[in-house]
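Notes follow once the structure below has been shown.
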Amino acid sequence: MYASNNIHLSCTEYDSDILETLKERESLRWNVRIPMAQVVNRSSVVALIRNIAEQYSFQRTSVHLAIYLSDVFLKHNRIVEERLNLVALTCFYIACKIEENEPKVPSPKRLCSFVENAYTPRDFIALEVVILNFFKWQVTVPTAATFLDFFALHSLQMDDVGNPADANFAEALFKHQKEIIKSSLVYLDLSLSYYRMSNLKPSLLAAACVAAARTGTNNMSAWNEHLTCVTGYSYEQLADICSTLVFELMPMVVAHASPVLSRKRSIADSGYLSALEDSDDSEDVYSSRSSDDGGSTISSRSCGIAERSKRRRHTGSSASSSEPGETCAKRQKVSYNLM
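Given below as C-alpha cells:
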C-alpha cells in the first residue's frame, strides 16, 4: 500500500515558473555513466531501495532521488561489496529527508532494521556526512519522478478525448487521464532498472514516459503541440526513448512477470507511490519479491551482502560506533574505500 500527497490534477498560473525552476536545478545534476563492472552492484542497490520503498510506502520521488545519489556516488568511489547496502540506504535516508514528510523519514535505527542490523546507526550517520560532503550538500535535484508529477497534469486535453457535448465526455476524460498517468508511472519505474537511461535528462525521460503512455491509448496521438509547449520537447526528441520504453522494456517485464501476480492485476496497476496516485494496495511487478514469500521484499543478494556485513562488523572491522558523526566518517574512510 502506498500513501498519497493527495495533490489534485489541476494546473495553476505558476506552472511555467515552476518548470523553469525545475529545469534550472536539473542543469546542476552530475553526469551518470555506469561502468559495466558496476552494473550488477547497481542492480542490487536499485532492488533494495525499490523494495523497501514499496514495502513501507515511501514516495516515488524518494526512490528516484536515492538511486540518482547512489549512482553518482558509486561511480566516483570504490565501495566494497559489504558496504553496498549501507551506501544504498544512506542515499535513501538523505532522499527521504528531502522528499518525505518529517514523521515518515526513517531513523538510523530503523534503517538498520531494513538489513537485519548489519550496520549500526552511527554507520549511517557517518556515511551521511561523507556523501553530503561529496555532493557539496547540493542534493536537492529534481528527478524524472518530479517532472512526471508535473507533466502528468498536462498529459491529456479535451481535444484528445472527443466531443465535449457527449453525455459521457467527463467520464471518458477522467478514465483516459487515469490510464495515461498509471501507464506513465509504469514506464518511469521500468527506467530505473535500465542503467542506460540513468544519464538521460530527467525532464526528457519524464516527457518520454508520457508519450509512451499516450501511444497505448486508443485513437490518441503520442504527442501534440500543447505538450511540446509545456515540456519544451518535440516528439522527434522523444521518439527513440519512447520506442525503447514501449518495444524493449515493457515486453521484458511482461515476459518475466509472475503468472500469479499477472492474474491479480494488470501491469498498469503497479508502481511506486506518487503524488498523483491515491492510496491503494498496488504491488510492483518489477520487484524481486516472489508472489508467495510472505511479504518480505529484500532481495536475496541484498540479504547476502547484509549477512556478510554483519559478520564483518562483529569481527571488529568497522570503526568504533562511539565516535561523533564527522569524526567517525573520517576514520571509516578506509573501510568505505572512498579514496
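In our numbering, the protein residues as written are 37 to 375. Glycine included, C-beta positions come from ideal geometry on N, C-alpha and C. From a predicted model like this one, the values you see are computed outputs, not experimental measurements.
Report task. Decide if the region 51–63 is in contact with the region 172–180; the criterion is three or more beta carbon pairs, one per stretch, under 8 Å apart. Result -> These segments touch.
Query raised in the report: Which one of GLU136, THR253 and VAL266 has the shortest CA to CA distance from ILE216?
Result: Ranking GLU136, THR253 and VAL266 by Cα distance to ILE216 puts THR253 first.
Report task. Please go through the region 41–115 and give each complete alpha helix (DSSP H) segment of 4 or more residues, from N-terminal end onward. Result -> If we require 4 residues or more, the alpha helix (DSSP H) runs fully inside the region 41–115 come out as 51–62, 75–91 and 96–112.
Requested in this report: Could you work out which residue in ALA243, VAL166 and GLU117 is closest to SER219 when comparing CA atoms only?
Outcome: Among ALA243, VAL166 and GLU117, the Cα nearest to that of SER219 belongs to ALA243.
**Report entry** Integer Cβ distance of VAL246 from PHE187, believed to fall under 8 Å
**Finding:** Right, their Cβ atoms sit about 5 Å apart.
Report task. Go through its chain and collect everything with a Cβ distance to SER52's Cβ below 8 Å, but skip five positions before and after it. Result -> Counting only Cβ-Cβ distances below 8 Å, and skipping sequence neighbours, we find nothing.
Query raised in the report: If we ignore side chains and look at the alpha-carbon of each, how far apart do GLN213 and ARG146 end up?
Result: CA-CA distance, GLN213 to ARG146, rounds to 37 Å.
Report task. May I have a chain-ordered list of the alpha helix (DSSP H) segments no shorter than 4 residues that lie completely inside the region 124–199? Result -> If one requires a minimum length of 4 residues, the alpha helix (DSSP H) runs lying completely within the region 124–199 are 144–150, 157–170, 180–187 and 194–197, in chain order.
Query raised in the report: Whose C-beta lies closer than 7 Å to the C-beta of ILE85 among residues of the same chain, with five residues either side of it excluded?
Result: Closer than 7 Å at Cβ, skipping near neighbours: VAL99, ALA102, ILE103, ALA124 and PHE128.
Query - CA nearest to the CA of VAL76, picked from TYR230, ASN260 and LEU240 - result: Ranking TYR230, ASN260 and LEU240 by CA distance to the CA of VAL76 puts TYR230 first.
Report task. For ALA249, I'd like the list of residues in its chain whose CB is within less than 6 Å of its CB, leaving aside the five on either flank, ordered along the chain. Result -> Scanning its chain for C-beta atoms nearer than 6 Å, with the 5 sequence neighbours on each side dropped, one finds around ALA249 the residues ILE216, SER219 and SER220, in chain order.
Report task. Give the single residue among GLN91, SER279, GLU135 and SER106 whose Cα lies nearest to the Cα of TYR223. Result -> The candidate whose alpha carbon is nearest that of TYR223 is SER279.
Requested in this report: Count the C-beta pairs between the region 130–144 and the region 107–116 that are closer than 8 Å, then say yes if the count reaches three, no if not.
Outcome: In short, these stretches do not touch, since the Cβ pair count stays below three.
Requested in this report: Classify THR251 as helix, strand or coil using the three-state DSSP reduction.
Outcome: THR251: helix per DSSP, three-state reduction.
Requested in this report: Drop a sphere of 10 angstroms on the beta-carbon of GLU90, count the other beta-carbons inside from all chains shown, and report buried for 16 or more, exposed for fewer.
Outcome: Around the C-beta of GLU90, 16 or more other C-beta atoms lie within 10 Å, and the residue is accordingly described as buried.
Query raised in the report: Alpha carbon to alpha carbon, how far is TYR269 from SER257?
Result: Spanning the alpha carbons of TYR269 and SER257 requires a straight line of approximately 15 Å.
Report task. Quick one: using the 10 Å Cβ neighbour count with 16 as the cut-off for buried, is ASN169 buried or exposed? Result -> Its Cβ having fewer than 16 others within 10 Å, ASN169 is exposed.
Query - Run of the alpha helix (DSSP H) containing SER270, from where it starts to where it stops - result: Counting along the chain, SER270 falls outside any alpha helix (DSSP H), and DSSP gives it neither H nor E.
Query - Where LYS214 falls: helix, strand or coil (DSSP) - result: Reduced to three states, the DSSP call for LYS214 is helix.
**Report entry** Beta-carbon proximity list for LEU120, same chain, < 7 Å, skipping 5 on both sides
**Finding:** ASN77, SER80, VAL81 and ILE341.
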